[in-house]
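Take a look at the structure below.
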Amino acid sequence: MKRKVTKAIFPVAGLGTRFLPATKSVPKEIMTLVDRPLIQYAIDECRAAGIEEFIFVTSRGKSALEDYFDSSPVLEAELQRKGKDKLLKVLEETYVDSGGIAYIRQQKALGLGHAVWCARRLIGDEPFAVVLPDDVIAAEKPCLQQMVEAYAETGGNMVAAMEVPQDKTSAYGVLDVRQDMGNLVSVKGMVEKPKAEDAPSNLAVIGRYILTPKIMDNLNQGKQGAGGEIQLTDAIADEIDGEGVFGLRFRGQRFDCGSKAGFLQATVAFGLARDDLRDEFSQYLREMTAIDSAAQ
Ligand code: G1P
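Just so you know, we're using the numbering used here here: the sequence shown kicks off at 1041 and counts up by one.
See the structure below:
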C-alpha cells in the first residue's frame, strides 16, 4: 500500500539576491503577497493536502522565518485586551505546533538537490513533498492536493508540470514524455535547464514534487549536474526506469514570485481575488489602464 504523504520540505536557503535590497534583512519567503508572506501560501497549500510536518532547509539570516511560525504572546495579549478576535484568528493560522516544524541549515549552497538531501534524516523511509515557495499557484483545488490525489493512483515520483514558451525552457527542468494521458504524463527523460534547441519538450517542472525516499539515496551520490550544482531533477530522473516518474498538468495559475514581474502579477491577481479589496483595487487598475492608453 502507498504510504500517506505527511512531510514537506521547503528549500528556503537562497539569498534572494533578485530582490535586493529588500532581502538584505527580510528573507524572500517573508515578502508579502497582499498581506501574507509567500511562505504562508505554501503552508496553507500543504495543509490542504494533508501535510502535518514541515521541514525548512534554511541558511544564516533566515531567523525571521522561525519567528513567523512561533506564537507571539505580547501581540496576542494586546489583541485580546482590545477584543480583536478577527486578528487573533488571522494569527492562529500562522502557528505550527512545536514538533510539527523543523529547521535544518544547508551549510553550503550546492544546489536544490543538496538542499533537499539535507533533510534526509527527518524523512526516513517515507514519501515526501517538496515545495518551492517562489512558485505560487492559484487554484480552486490546491496544486499539492491535486498531486497527492494523482499520486494515490500512480505511486512513484510526481512533479507538477506546465507548458512554457519554448524560449523559456532554460529556466526549468523539462520533461521528455513517454505517454501523454491528458492531465497526467509518464516521463522517459528529464533535463535541467536545457537550451531551447536541446529541450525534449516545452513541458516544464514547477516547484511541487512528491518523491519517494529512494530520491534521497540517489542524492547521496552527490552528482553534479547543470551549473555544477547537485540537481533534484537528476536524482528524480534516475528513477525513470526504477520507481517511475509522472508529471501532473495541474489545474491552476502559476506565478513566478522569484522574479519581480511575476511577483507584481501575483500581487494584482491575488489582490483582485480578495473580497475586501476587489472593488477599490479594480477601480484603480481601470483608471491606470485608461491613463496608460491615453498616453500612447
Ligand atoms: C528549480 C528546479 C527546476 C524547476 C524550477 C521550478 O529551478 O531546479 O527544475 O523547473 O525550480 O520553479 P530554480 O528556479 O530554483 O532555478
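Every residue gets a Cβ at the ideal spot worked out from N, C-alpha and C, and that includes glycine.
- Remark: the shortest separation between the CB of residue 1281 and any heavy atom of the ligand G1P does not fall under 7 angstroms.
- Annotated as distal: residue 1070 and residue 1144, with beta-carbon spacing of 8 angstroms or more.
- Between the alpha carbons of residue 1223 and residue 1122 lies a distance of about 50 angstroms.
- In the pairwise beta carbon analysis, the segment 1277-1297 is classified as touching the segment 1196-1216: at least three pairs are separated by under 8 angstroms.
- According to the DSSP assignment, residue 1227 belongs to the beta strand (DSSP E) that extends over 1224-1232.
- The bridge partners DSSP lists for residue 1131 come to none.
- Taking the C-beta atoms as reference points, residue 1247 is found no nearer than 8 angstroms to residue 1230.
- Out of 1142, 1133 and 1103, the CA that lies nearest to the CA of residue 1049 is found in 1142.
- With a cut-off of 7 angstroms, the C-beta of residue 1250 is classified as distant from the ligand G1P, since no heavy atom of the ligand falls inside that distance.
- Using a Cβ-Cβ distance cut-off of 8 angstroms, the segment 1246-1262 and the segment 1162-1170 are in contact, since at least three pairs of beta carbons, one from each stretch, lie closer than that value.
- For residue 1084, the enclosing alpha helix (DSSP H) covers residues 1078-1088.
- If you check the C-beta of residue 1301 against the ligand G1P, you find no heavy atom less than 7 angstroms away.
- With a cutoff of 7 angstroms, residue 1213 counts as near the ligand G1P, since its C-beta is closer than that to a heavy atom of the ligand.
- For residue 1137, there is no enclosing beta strand (DSSP E), as DSSP marks it with neither H nor E.
- For residue 1105 against residue 1067, the beta-carbon gap comes to about 5 angstroms, under 8 angstroms, which counts as contact.
- Within a 10 Å sphere around the beta-carbon of residue 1110 sit fewer than 16 other beta-carbons, which makes this residue exposed.
- Taking every protein chain shown into account, the CB of residue 1331 has fewer than 16 other CB atoms within 10 angstroms, so this residue is exposed.
- If you look at residue 1278, you'll find it isn't in any alpha helix (DSSP H); DSSP assigns it neither H nor E.
- Residue state for residue 1113 is assigned as helix, using DSSP reduced to three classes.
- Taking the Cβ of residue 1245 as the reference point, at least one heavy atom of the ligand G1P falls within a distance shorter than 7 angstroms.
- Judged by beta-carbon spacing, residue 1176 lies beyond the 8 angstroms limit of residue 1272, meaning their Cβ atoms are not closer than that value.
- In the DSSP assignment, residue 1216 is bridged to 1229.
- Secondary-structure assignment with DSSP links residue 1287 through a beta bridge to 1199 and 1225.
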